[in-house]
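Presented below is the structure to which this report refers.
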Amino acid sequence: MNKRVAIIVILAVIAAGIAWHQLSGANGLLEVYGTIEARNIEVGSKEGGRIAEVNVREGDAIAKNTLILRFDAQELEGRLQQATSAVALARANLAKMETGSRPEDIAEARAAAGTEATGFRSAEVAQSQAELERARADMTNAEQRLRRARELRSKDLVPQQGLDDAETAHKTALAAVQAASRAVNAAQGRLEAARAVTARVESGFRSEDVEVARAELQRAEGALLEAEARYAEREVRTPVDATVEVLDVRPGDLIAPGKPVAKLLEAGQMYIMVYVPETRVGQVKIGQQAEMRVNSFPDTAFPAQVEQIRQQAEFLPRNVQTPEERVHQVFGVKLRVDSTDQRLRAGMSAHVIFTP
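Per the working numbering, residue 800 is the first one in the sequence shown, and the count goes up by one each step.
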């Protein structure tokens, strides 16, 4: 039993020694493994629609703001034109209210009011008043005849038909007076309305009306901004310098709103993420230089530099390759690599040796 335990202990010591040698290297330098990565960007349109043209191909290196593709935008253009017209109309209406009526508008209103006062409307009022006076005179006569007929009937000097005729005439006269009075009031109302229009034109619009017009202009301007933003979505452009990695669309394709149409690799953003054991993270500093080798070019040492050391430790990821024991916690370390070197590709496995 003791012999078996001794053998196990010896094997454990040998394994630990091998692991330490692999991790530290022959010269004691910190060595880790990782995979080269590049920052991916997926681009698309909030509006989507039918693709009208595609201007780049997979593998193209394109500068910032390069047009990738354009959608058919007839509907969006129509909405933009409507919104532009609405703003122009609202702005003109507000300007009219703020500056008041034009001299020609005032002159026209005064002329209309003058015609009402001295022309047709004035004659209409006078005629209505004359008809009212005649109706009142007829009413007075009808009242007198009715009293006379009642007196004579009480003495049985006239037949009942005479009294009935007098009462009918009185009712007719009363109705005529009422109708004439309404006609006079209507004519005077029309005259006052014309004068009110003139006063309103001369004094300008009410402050409440001006505020409503101003709010309407703001609403129209907001709708225009929205229409412009939606119209801009007819084009898909690259937000940064990048390489087109995936572009699997063609003119005529119908794309749903918000769906990515291309996958880009951002230029100058290639890096390698490695994981350093907790016991060795003190050997790594921001800005520290490192040497990187890839399987495709094993004899070439590529420069790298530590850009970030994560603050939170984690257990060793499944996909990482390292000689360190997996029971240890590790810290993620991000190293910037030379993105201009065309030999390096995202996805390559890399061996990193940190420079002291």
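Note that CB positions come from ideal geometry on N, CA and C, so glycine has one too.
Per the coordinates, the alpha-carbon of Val-853 lies some 15 Å from the alpha-carbon of Glu-1044.
For Glu-846 and Leu-879, the gap between their C-alpha atoms comes out near 14 Å.
Arg-878: member of the alpha helix (DSSP H) spanning 873-898, first to last residue. Secondary structure at Met-1072: strand, using DSSP grouped into helix, strand and coil. In this structure, Ala-1103 sits away from Leu-1064, with a CB-CB distance that is not shorter than 8 Å. Under the DSSP definition of a beta bridge, Ala-974 lacks any partner. Here Val-1129 really is in contact with Tyr-1074; their C-beta atoms are around 4 Å apart, less than 8 Å. Inclusion of Leu-1016 and Ala-889 in the CB contact set at 8 Å is warranted, their separation being smaller than that value. With 16 or more other Cβ atoms from the protein chains shown falling within 10 Å of its own Cβ, Arg-1033 counts as buried.
CA-CA distance, Lys-970 to Asn-984, rounds to 22 Å.
With fewer than 16 other Cβ atoms inside 10 Å of its own Cβ, Glu-841 counts as exposed.
One alpha carbon belongs to Asn-892, the other to Arg-1005, and they sit about 14 Å apart. Here DSSP, grouped into helix, strand and coil, assigns Ser-1148 to strand.
Taken atom to atom, the span from the alpha-carbon of Glu-1025 to that of Ala-1031 is near 10 Å. Between Ala-885 and Ala-1019, the CB-CB gap stays under 8 Å.
For Asp-1008, the enclosing alpha helix (DSSP H) has its first and last residue at 1006-1031. No Cβ-Cβ contact shorter than 8 Å links Ile-861 with Ala-1028. Excluding five sequence positions before and after Gln-926, none of the CB atoms of its chain fall closer than 7 Å to its own CB. Val-976 and Glu-932 have their C-alpha atoms roughly 8 Å apart. A distance below 6 Å between beta-carbons, with the five flanking residues on each side excluded, links Phe-1101 to the following residues of its chain, in chain order: Met-1091. Here the alpha carbons of Val-855 and Pro-1038 stand approximately 15 Å from one another.
It is roughly 28 Å from the alpha-carbon of Gly-1146 to the alpha-carbon of Ser-844. Closest option to Gly-1057, judged by alpha-carbon separation, among Gly-1131, Gly-848 and Glu-1007: Gly-848. Selection Thr-1099, Glu-1007, Arg-1079 and Gly-1067 evaluated against Met-896 yields Glu-1007 as nearest (Cα-Cα). With a contact defined as Cβ atoms closer than 8 Å, Ile-1108 and Val-1083 qualify at about 6 Å. Taking all protein chains in view, the Cβ of Glu-1077 is surrounded by fewer than 16 other Cβ atoms within 10 Å, so the residue is classified as exposed. Apart from sequence neighbours up to five positions away, the residues of its chain that approach Asp-964 with a beta-carbon distance below 8 Å are Ala-948, ordered along the chain. For Ala-1022, same chain residues with a beta-carbon under 6 Å away, outside a window of 5 residues either side, are Ala-882 in chain order.
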